[in-house]
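Asker:
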Amino acid sequence: MSENLGKIFNLSLIYATFRASTPIIYAALCAAITQQANILNIGTEGIMLVGAFTAVAISYFTGSWILGVLAAMLGGAMIAMIMAVSHIKYNSEICAIGMGINLLAIALTKFMLQVFFHTSGSFSNPSIVAIPKLHFSFLENVPFLNTLLNDWRFTEWFVIVFILLLQFIFYKTVWGLRLRAVGQFPMAAQTAGIQANAVKYQAMLISGLIGGLAGAHLSLGYSTQFVENMTNSRGFMGVAAMYFGGANPVLTALGCLLFGFSDSVGARLQAYGIPAQFILMMPYIVTIAVLAISMAIKMQAARKKESSLLTHSVA
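Read in order, the letters of the sequence shown are residues 848 to 1162 in the numbering used here.
1. Cutting at 6 Å between CB atoms, please list the residues of its own chain near L1065, excluding the five before and the five after it.
2. Would you kindly work out how many angstroms separate the C-alpha atoms of G1030 and S1080, rounded to a whole number?
3. Just verifying my parser: in three-state terms, what is the DSSP assignment at V1074?
4. Measuring alpha carbon to alpha carbon, tell me which residue in L1024, G1058, I1057 is nearest Q1042.
5. Are three or more beta carbon pairs between the stretch 938-952 and the stretch 1092-1111 nearer than 8 Å?
6. From the DSSP output, in three-state form, read off L981 for me.
7. Under 8 Å: do the stretch 900-915 and the stretch 965-976 share three or more Cβ pairs, one atom per stretch?
8. Apart from the five residues on each side of it in sequence, which residues of its chain come closer than 7 Å, Cβ to Cβ, to S849?
9. What does DSSP give as the partner residue(s) for R1000 in the beta ladder?
10. Could you check where the alpha helix (DSSP H) with E892 kicks off and where it finishes?
11. Does the stretch 1049-1064 come into contact with the stretch 874-882, if we say contact requires no fewer than three beta-carbon pairs (one atom in each stretch) closer than 8 Å?
12. To which residues does DSSP link S969 through a beta bridge?
13. For I894, count the other beta carbons within 10 Å of its own beta carbon; 16 or more makes it buried, fewer makes it exposed. Which is it?
14. Of all the options V1112, G1085, S1141, which has the alpha carbon lying nearest to the alpha carbon of G890?
15. Is the Cβ-Cβ distance between M1034 and I886 less than 8 Å?
16. Find the nearest neighbour of N1044 within the set F1091, M928, A952, L860, judged by alpha-carbon distance.
17. Quick one, which of F865, N857, S859 has its alpha-carbon nearest I1007's?
18. Does DSSP put T1134 in a helix, in a strand, or in coil?
19. Helix, strand or coil: which one does DSSP assign to T1038?
20. Taking K1145 as the reference, which of F1015, F1091, S1111 has the closest Cα?
21. For S859, count neighbouring Cβ atoms within 10 angstroms of its own Cβ and tell me buried if that reaches 16, exposed if not.
22. By the three-class DSSP mapping on this structure, what secondary structure does S849 have?
23. Once DSSP output is grouped into helix, strand and coil, what is the label at S1141?
24. At what residue ranges does the stretch 904-956 contain a whole run of the alpha helix (DSSP H), taking only runs of 4 or more?
25. Given a cut-off of 8 Å, decide if L1067 and V1163 are closer than it, judged by their beta-carbon atoms.
26. Leaving out the 5 sequence neighbours to the left and right, which residues in its chain are closer than 6 Å to E1003 when beta-carbon positions are compared?
27. So is Q882 buried or exposed if we call it buried at 16+ other beta carbons inside 10 Å?
28. Going by CA-CA distance only, name the one from R1000, S911, I913 that's closest to A867.
29. Relative to the C-alpha of E1075, which residue among A943, W912, A952 is closest?
30. By the DSSP assignment, the alpha helix (DSSP H) with F1091 in it spans what residues?
31. Do the CB positions of Q1014 and P1096 come within less than 8 Å of each other?
32. Closest by CA to A902, which one among A1139, T994, M959?
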């Protein structure tokens, strides 16, 4: 039994957890930016899926992973701006728009798969250029660090930098202050001369770029192929993690690690006779648990705030 546990919970599980978490982290940051502007980006799943297909298609036709990633980001931005115009200009319900985008993305990518590659289900080809791995030769002499840090994809390293960058932008820059003001106190922001709609458009645009990058990493980094509906609810998991972290980039990323951990452990448990149905349920069970915990924390905070206001009013 102890030998089996040693094979499941070992040093390689750390990287496996982070690797499985990376596309979810990108999705969560995509949702966090718009949430700061009080826009719930349910369409993250669809943005990711469009980005994943675009990245594979452009990488295949051009032989460049960089062009594939850039095209995926552009595709994600276009989808996000459709949502932005519908919600901000025409005042449509953002959740309905998001669900529509998700369904459109599934149908559109399935159709494009047949049009461009004359296949259905999935597409893989040696001509697809994957996002490269970064190998540091100086780590080869340190087994612990070599196992832990070597041969990460470029986008896996970048997500760490991006988390810290977004944390700084949100809480240490004027634009971040305006973004949070628009989300929390829209009337006060407009009174202060902030163009609320312009800030929301900017948030949606950046969110689309990140969502497209999430899809590109999924199809060119996490794998090297496109599979119909390959996001597999990772966008929704990202939204759940965003709620868990209160749209704070660092806390949101920590929430995403829970999903990556459950996915990695589940994959290893399959080798020991655990039913596949249980393994497939694990990410969704974790999603429900994360949402339940985050909502309970928010309700408790709201009760404390209400109690404090009542106390001050009585005094």
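Glycine included, C-beta positions come from ideal geometry on N, C-alpha and C.
It should be emphasised that the depicted structure is a prediction, and the values quoted were computed from it without experimental measurement.
Answerer: Short version:
1. Residue mapping note: residue 1065 aligns to position 218 of the sequence shown, counting from 1. Once the five neighbours on either side are set aside, the close Cβ partners of L1065 are P870, A899.
2. Walking along the sequence shown from the start, residue 1030 turns up at place 183. Walking along the sequence shown from the start, residue 1080 turns up at place 233. Their Cα atoms are separated by approximately 26 Å.
3. By 1-based counting over the sequence shown, the position of residue 1074 is 227. Note: V1074 maps to strand in three-state DSSP.
4. Translated into the one-based positions of the sequence shown, residue 1042 becomes position 195. Measuring from the Cα of Q1042, the nearest candidate turns out to be L1024.
5. no
6. Counted from its first residue, the sequence shown places residue 981 at position 134. If DSSP states are grouped into helix, strand and coil, L981 belongs with the strands.
7. yes
8. Locating residue 849 in the sequence shown gives position 2, counting from the first residue. No answer about S849 holds up, because its pLDDT of 48 lies below 50 and its placement is not dependable.
9. By one-based count along the sequence shown, residue 1000 stands at place 153. R1000 is bridged to K980.
10. Taking the first residue of the sequence shown as 1, we reach residue 892 at position 45. Element bounds for E892: 891-909.
11. yes
12. Position 122 of the sequence shown holds residue 969. In DSSP, S969 forms a bridge with V1074.
13. Locating residue 894 in the sequence shown gives position 47, where the first residue counts as 1. With 16 or more other Cβ atoms within 10 Å, it is buried.
14. As a working note, residue 890 is residue 43 in the sequence shown. Measuring from the Cα of G890, the nearest candidate turns out to be G1085.
15. Residue mapping note: residue 1034 aligns to position 187 of the sequence shown, counting from 1. Residue mapping note: residue 886 aligns to position 39 of the sequence shown, counting from 1. Taking 8 Å as the Cβ cut-off, M1034 and I886 do not qualify as a contacting pair.
16. Mapped onto the sequence shown, residue 1044 falls at position 197. Cα-wise, what sits closest to N1044 is M928.
17. Here residue 1007 refers to the residue found at position 160 of the sequence shown. The option with the nearest alpha carbon to I1007 is F865.
18. Within the sequence shown, the letter at position 287 stands for residue 1134. DSSP places T1134 in helix when its eight states are reduced to three.
19. Taking the sequence shown and counting its residues from 1, one reaches residue 1038 at position 191. Of the three classes helix, strand and coil, the one that applies to T1038 here is helix, per DSSP.
20. Within the sequence shown, the letter at position 298 stands for residue 1145. For the residues F1015, F1091, S1111, the minimum Cα distance to K1145 belongs to F1091.
21. Numbered from 1 along the sequence shown, position 12 holds the residue referred to as residue 859. Exposed, because fewer than 16 other Cβ atoms sit within 10 Å of the Cβ of S859.
22. Residue numbering aside, residue 849 sits at position 2 when the sequence shown is read from its first letter. With a pLDDT of 48 at S849, under the threshold of 50, the modelled position of this residue cannot be trusted, and the question is left open.
23. The residue you call residue 1141 lines up with position 294 of the sequence shown. Helix.
24. 912-931
25. The requested residue 1163 is not part of the displayed model; the chain covers only 848 to 1162.
26. For the purposes of this step, residue 1003 is identified with residue 156 of the sequence shown, where counting begins at 1. Around E1003: T869.
27. By 1-based counting over the sequence shown, the position of residue 882 is 35. Q882 is buried by the Cβ-count criterion.
28. The sequence position of residue 867 within the sequence shown is 20, counting from 1. It is R1000 whose Cα lies nearest to the Cα of A867.
29. The residue given as residue 1075 occupies position 228 in the sequence shown. Nearest option by C-alpha distance: A952.
30. As a first step, residue 1091 must be located in the sequence shown, where it is residue number 244. Where F1091 is concerned, the enclosing alpha helix (DSSP H) stretches over 1081-1091.
31. Residue mapping note: residue 1014 aligns to position 167 of the sequence shown, counting from 1. Residue mapping note: residue 1096 aligns to position 249 of the sequence shown, counting from 1. In this structure, P1096 lies closer than 8 Å to Q1014 by Cβ.
32. The residue labelled residue 902 in the question sits at position 55 within the sequence shown. Among A1139, T994, M959, the Cα nearest to that of A902 is on M959.
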